[in-house]
Amino acid sequence: MKGPLFYSKILLFGEYGIIKDSKGLSIPYNFYNGALKKDENPNEEALKSNESLKRFTTYLKGLDKDLVVFNSNRLQKDVDAGMYFDSSIPQGYGVGSSGALVAAIYDKYASDKITVLENLTREKLLRLKSIFSEMESFFHGKSSGLDPLNSYLSLPILINSKDNIEATGIPSQKAEGKGAVFLLDSGIVGETAPMVSIFMESMKNEGFRSMLKDQFIKHTDACVDDFLKGDMKSLFKNTKQLSKVVLNNFKPMIPTQFHELWKKGLDTNEYYLKLCGSGGGGYILGFTENIDIAIEALKGQKLEVVYNF
Numbered sequence: 001m002k003g004p005l006f007y008s009k010i011l012l013f014g015e016y017g018i019i020k021d022s023k024g025l026s027i028p029y030n031f032y033n034g035a036l037k038k039d040e041n042p043n044e045e046a047l048k049s050n051e052s053l054k055r056f057t058t059y060l061k062g063l064d065k066d067l068v069v070f071n072s073n074r075l076q077k078d079v080d081a082g083m084y085f086d087s088s089i090p091q092g093y094g095v096g097s098s099g100a101l102v103a104a105i106y107d108k109y110a111s112d113k114i115t116v117l118e119n120l121t122r123e124k125l126l127r128l129k130s131i132f133s134e135m136e137s138f139f140h141g142k143s144s145g146l147d148p149l150n151s152y153l154s155l156p157i158l159i160n161s162k163d164n165i166e167a168t169g170i171p172s173q174k175a176e177g178k179g180a181v182f183l184l185d186s187g188i189v190g191e192t193a194p195m196v197s198i199f200m201e202s203m204k205n206e207g208f209r210s211m212l213k214d215q216f217i218k219h220t221d222a223c224v225d226d227f228l229k230g231d232m233k234s235l236f237k238n239t240k241q242l243s244k245v246v247l248n249n250f251k252p253m254i255p256t257q258f259h260e261l262w263k264k265g266l267d268t269n270e271y272y273l274k275l276c277g278s279g280g281g282g283y284i285l286g287f288t289e290n291i292d293i294a295i296e297a298l299k300g301q302k303l304e305v306v307y308n309f
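Here is the structure:
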């Protein structure tokens with residue numbers, strides 16, 4: 001057996017801000033994917049995934065039945081028979097490994113599920129998001145539900161606010177374009193929960209709260225608008241501001257060995273870096289007006305282009 005593929009995602013803008021109602025923009029990233037699978041001779045990875053699925057299955061049985069009902073018997077039977085999540089999505093990298101798994105389980109086992117083919121009203125999207133939020137909380141302690149939503153729909157998602165989300169179109173890529181969004185591999189696995197608790201702790205500080213509102217959210221919202229409109233000049237101006245705010249206020253979320261590279265981008269304007277997901281490791285997201293110059297400036301780093309302007 002092998003189920004349908006569910007893809008990784010990239011939150012281009014909105015990390016941490018969406019907790020406090022900033023805008024956000026999340027896009028599917030088809031480079032990585034995962035599917036539910038059963039094998040005759042499972043390897044060590046598959047056995048580990050199956051153990052995790054057993055715990056997840058127990059957790060799902062305790063979810064509010066008014067929110068979502070699963071075919072628990074079928075799920076339990078498949079998990080007992082060794083089902084696992086076969087995934088190329090790196091864990092702890094901010095590209096939605098648990099989100100893809102949640103989407104796959106909902107797709108296969110939810111009764112009365114909302115499908116991708118129906119008319120996705122705002123109500124349906126919010127309902128899906130709250131189901132996914134409850135499901136994914138098993139992995140992170142607290143989840144917005146956006147990663148699984150992106151993976152499930154395989155569409156870009158625009159977050160206007162907590163109660164206002166919509167599927168959206170993004171400007172089409174220009175294969176020969178020099179402008180690019182890229183991923184830098186920090187080589188470290190990040191953990192979401194500790195990063196979120198550092199953020200929540202910082203939120204108790206009034207100075208941090210006003211920085212978030214007056215700078216971080218302001219620039220995040222502007223970046224989302226610029227990107228969707230295709231206004232690249234303004235996008236790079238706002239991304240630079242956002243990158244600066246993150247370097248000054250989110251240091252614990254940036255792996256130490258990247259502090260200098262981050263600053264170098266701001267000083268030279270060759271590229272701007274920002275968090276990809278909760279930070280602390282995994283991928284770092286980069287924006288550049290000239291990818292050749294950025295590749296040269298970041299020599300020795302593992303870099304993947306995800307979008308060309």
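Counting from 1, one number per residue, gives the positions in the sequence shown under full-length UniProt numbering. Glycine residues also receive a C-beta, built at the ideal position from the N, C-alpha and C atoms.
When we look at the beta-carbon of residue i and count the other beta-carbons within 10 Å, is it buried (16 or more) or exposed?
| i | result |
| --- | --- |
| GLN241 | buried |
| GLU136 | buried |
| GLU289 | buried |
| PRO156 | buried |
| GLU304 | exposed |
| PRO171 | exposed |
| SER210 | exposed |
| GLY230 | exposed |
| ASN205 | exposed |
| GLU51 | exposed |
| VAL116 | exposed |
| ASN238 | buried |
| ASN78 | Looking at the sequence shown, residue 78 is not Asn but Asp. Counting Cβ neighbours within 10 Å, ASP78 comes out buried, since at least 16 surround it. |
| THR121 | exposed |
| GLY169 | exposed |
| ASP226 | buried |
Between residue i and chain B, is the shortest Cβ-Cβ distance under 9 Å, so that the two count as touching?
| i | result |
| --- | --- |
| ASN205 | Here there is only one protein chain, and chain B is not present. |
In whole angstroms, give me the CA-to-CA distance for residue i and residue j.
| i | j | result |
| --- | --- | --- |
| LEU275 | ASP86 | 27 Å |
| ASN73 | LYS124 | 26 Å |
| SER111 | GLY179 | 44 Å |
| GLY190 | GLY177 | 31 Å |
| SER26 | SER88 | 19 Å |
| LYS299 | GLY82 | 43 Å |
| ASP214 | GLU296 | 34 Å |
| THR57 | LEU75 | 7 Å |
| GLN301 | VAL181 | 15 Å |
| ILE18 | PRO252 | 19 Å |
| LYS233 | PHE250 | 25 Å |
| LYS218 | TYR59 | 38 Å |
| GLY279 | THR192 | 8 Å |
| ASP64 | GLY145 | 16 Å |
| LEU235 | LEU228 | 10 Å |
| MET200 | ASP292 | 38 Å |
| PHE216 | ASN269 | 19 Å |
| LEU273 | GLN257 | 13 Å |
| GLY141 | ILE188 | 21 Å |
Within the same chain, show all residues whose beta-carbon is closer than 6 Å to that of residue i, passing over the 5 residues directly before and after it, in chain order.
| i | result |
| --- | --- |
| ASP21 | SER161 and LYS162 |
| ILE114 | LYS124 and LEU128 |
| PHE139 | SER98 |
| TYR271 | GLY265, GLY286, THR288 and ALA294 |
| LEU247 | TRP262 |
| LYS54 | VAL79 |
| VAL224 | PHE13, LYS23 and LEU25 |
| PHE208 | SER202 |
For residue i, which residues in the same chain have their Cβ closer than 7 Å to its Cβ, ignoring the five residues on either side in sequence?
| i | result |
| --- | --- |
| ASP221 | SER22 and LYS23 |
| ASP154 | In the sequence as presented, Asp is not what sits at residue 154; that position holds Ser. Hits under 7 Å: TYR7 and PRO28. |
| LYS9 | SER26, ILE27, PRO28, TYR29, VAL95, GLY96, GLY99, ASP147, ASN150 and SER151 |
| LEU212 | LYS20 |
| ASN71 | TYR109 and SER111 |
| VAL102 | PHE132, MET135, GLU136 and PRO148 |
| LYS61 | SER72 |
To the nearest whole angstrom, what separates the beta carbons of residue i and residue j, a pair I think is in contact under 8 Å?
| i | j | result |
| --- | --- | --- |
| LEU67 | GLU134 | 6 Å |
| ILE159 | LEU126 | Their Cβ separation, rounded to whole angstroms, is 11 Å, which puts ILE159 and LEU126 out of contact at 8 Å. |
| PRO255 | GLY281 | 6 Å |
| ASN308 | ALA167 | So it is not a contact: roughly 22 Å between Cβ atoms. |
| SER143 | TYR283 | With a Cβ gap of about 19 Å, SER143 and TYR283 do not count as contacting. |
| TYR84 | SER49 | 4 Å |
| VAL306 | LEU183 | 6 Å |
Using a Cβ-Cβ cutoff of less than 8 Å, which residues in the same chain neighbour residue i once the five nearest sequence positions on both sides are dropped?
| i | result |
| --- | --- |
| GLY3 | ALA35, LEU36, LYS37, ALA104, ASP107 and LYS108 |
| ASN33 | LEU5, PHE6, TYR7, SER8, SER87, SER88, ILE89 and ALA100 |
| SER130 | LEU67 and GLY145 |
| GLN173 | TYR307, ASN308 and PHE309 |
Between the stretch 262–282 and the stretch 235–249, are three or more C-beta pairs nearer than 8 Å? yes
Assess, as a yes-or-no matter, whether the stretch 24–40 is touched by the stretch 193–200 under the definition of 3 or more beta carbon pairs within less than 8 Å. no
Meets three-Cβ-pair contact criterion under 8 Å: the stretch 264–273 and the stretch 284–301: yes
So does the stretch 43–51 actually touch the stretch 89–97, counting three or more Cβ pairs closer than 8 Å? no
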